[in-house]
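Structure, as structure tokens:
Protein chains: 2
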Amino acid sequence: MPASSETDTFGFIVNDLSRIIRAEMDRRTGEAGLGLTTGEGRVLFNVRRAGPIRQTALAERLGIEAMTLSGLVDRLEGKGYVARQPDPADRRAKLVTLTDAGAAVVAQIEPIAAGIRSDAAQGIDPDDWQRLLVALRAARANLLTSRSEAQSTESTAA
Amino acid sequence: MPASSETDTFGFIVNDLSRIIRAEMDRRTGEAGLGLTTGEGRVLFNVRRAGPIRQTALAERLGIEAMTLSGLVDRLEGKGYVARQPDPADRRAKLVTLTDAGAAVVAQIEPIAAGIRSDAAQGIDPDDWQRLLVALRAARANLLTSRSEAQSTESTAA
DNA sequence: GCCATATAATAAGGATTACTTATTAATATG
DNA sequence: CATATTAATAAGTAATCCTTATTATATGGC
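Here it is in structure tokens:
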């Protein structure tokens, strides 16, 4: 991939990185015998972190629609990595929980993700890397803000 | 999106940003009456930059498979933004060129992309932003290297 | 010259991510 | 108690990207 002006700006680079990281994750987890997509991995990590959690809340955490999550949970449930349990507080809701098998898989994925991360950071000053993460989080927060502003003015205008 | 340890590392953030930027691009280009997907946009920018170019070379530039590009070019050709011309040097090959309409669309997209970029960079020190870009390009180069190394050892081992 | 091999593009088909709209069931509110 | 809201999902769509196989053309070795 060439480093030229307008075709190598922030958006392009981020898009490239996202595709490359996804492909690397697929490749390395595949080699390790773990058939897991990036989306499924994201769900597992977040379920582990956020404990038994309602699908709505989990979708919000992931920044995806409830319906999109529904399909991901279907697949993960089929693989035996998560379970849907009734929410005692609300009979409509289901709590997504990590199974033992799911926890084991997350533990296996963790070092793979860390490996990709350290490959990516190779040769970059650790302080620079920390600043990079801070700036990226700030950029994400900025874009989320401008998106929600656009949504609110839209609903005000319409 | 919460800022917690293992669920907010480099890969997760990059993935988030990629999704958010794509959604913002879709939204803003849609508002401007330009029905263009991110993939199509990438192709247009690269065709403008790399002039009449063979599909194989263009796919390589974009880091996607020739077949994937074929579909994108189909759609762009349908919209009248690019044309396939025979390569005088090789009758199998086709040169993808930007039409006048395509050039006009790229010119319209450019400020939209710049707007997203400036929204993202809001409140971040310009020097930090420059360092961010340098570090991101380095990370991308690192990952591309580790990928090609993995491919070569794979073929050696097998 | 001629055959084997390699290359350029594409046809065909599949997986994943993610969306929207509408439905069902259950809960909350006025 | 009727209405509105919420949780999950069914159904259908679209984009991106992949793999494998096919067709046409080039090219290098004999």
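First to last, the sequence lines map onto chains A and B. Using the UniProt record's numbering, read the first sequence as starting at 1 and increasing by one per residue. Using the UniProt record's numbering, read the second sequence as starting at 1 and increasing by one per residue. Note that CB positions come from ideal geometry on N, CA and C, so glycine has one too. Every value quoted in this text rests on a predicted model; they were computed, and no experiment measured them.
Is the Cβ of residue i closer than 8 Å to any Cβ of chain B?
i, result
"V105 of chain A", "no"
"T122 of chain A", "For clarity, residue 122 of chain A is Gln in the given sequence; the question names Thr instead. Taking Cβ atoms only, chain B reaches closer than 8 Å to Q122 of chain A, which makes this a yes."
"D128 of chain A", "yes"
"S146 of chain A", "yes"
"G63 of chain A", "yes"
"G11 of chain A", "yes"
"T38 of chain A", "yes"
"R137 of chain A", "yes"
"L133 of chain A", "yes"
"R140 of chain A", "yes"
Does any C-beta atom of chain A lie closer than 8 Å to the C-beta of residue i?
i, result
"R54 of chain B", "no"
"T97 of chain B", "no"
"V43 of chain B", "no"
"D119 of chain B", "yes"
"T68 of chain B", "no"
"A57 of chain B", "no"
"L143 of chain B", "yes"
"I116 of chain B", "yes"
"A113 of chain B", "yes"
"R92 of chain B", "no"
"T7 of chain B", "yes"
To the nearest whole angstrom, what separates the beta carbons of residue i and residue j, a pair I think is in contact under 8 Å?
i, j, result
"L69 of chain A", "A59 of chain A", "4 Å"
"L36 of chain B", "V105 of chain B", "7 Å"
"L72 of chain A", "I20 of chain B", "19 Å between Cβ atoms; not a contact."
"R131 of chain A", "R131 of chain B", "7 Å"
"T99 of chain A", "P52 of chain A", "About 12 Å; that fails the 8 Å criterion."
Secondary structure at residue i, three-state DSSP: helix, strand or coil?
i, result
"D90 of chain B", "strand"
"I112 of chain B", "helix"
"R140 of chain A", "helix"
"L36 of chain B", "coil"
"L85 of chain A", "A small correction: the amino acid at residue 85 of chain A is Gln; Leu does not occupy that position in the sequence shown. Correct three-state label for Q85 of chain A: strand."
"T9 of chain A", "coil"
"T97 of chain B", "strand"
"I124 of chain B", "coil"
"I53 of chain A", "strand"
"E65 of chain B", "coil"
"G102 of chain A", "helix"
"G78 of chain A", "helix"
Please classify residue i as buried or exposed, where buried requires at least 16 other C-beta atoms within 10 Å of its C-beta.
i, result
"Q55 of chain B", "buried"
"G102 of chain B", "buried"
"residue 161 of chain B", "A question about residue 161 of chain B goes unanswered here, because the residues of chain B that appear run from 1 up to 158."
"T145 of chain A", "exposed"
"M67 of chain B", "exposed"
"R42 of chain A", "buried"
"R140 of chain B", "buried"
"D74 of chain A", "exposed"
"R61 of chain B", "buried"
"A114 of chain A", "exposed"
"E110 of chain B", "exposed"
"E40 of chain B", "buried"
"A121 of chain B", "buried"
"E31 of chain A", "exposed"
"G11 of chain B", "buried"
"D127 of chain A", "exposed"
"E65 of chain B", "exposed"
"D8 of chain A", "buried"
"A3 of chain A", "Confidence at A3 of chain A is low in this model, with a pLDDT of 42, below 50, so the placement of that residue is unreliable and no value is reported for it."
"D90 of chain B", "exposed"
"D16 of chain B", "buried"
(Q) Closer than 8 Å between beta carbons: that is the criterion. Which residues of the stretch 13-31 of chain A meet it against chain B? (A) For the stretch 13-31 of chain A, which is checked against every Cβ of chain B, the residues closer than 8 Å are I13, V14, N15, D16, L17, S18, R19, I20, I21, R22, A23, E24, M25, R27.
**Q.** Residues of the stretch 75-89 of chain B with Cβ closer than 7 Å to any Cβ of chain A, in chain order
**A.** Near chain A, meaning a CB-to-CB distance below 7 Å, no residue of the stretch 75-89 of chain B qualifies.
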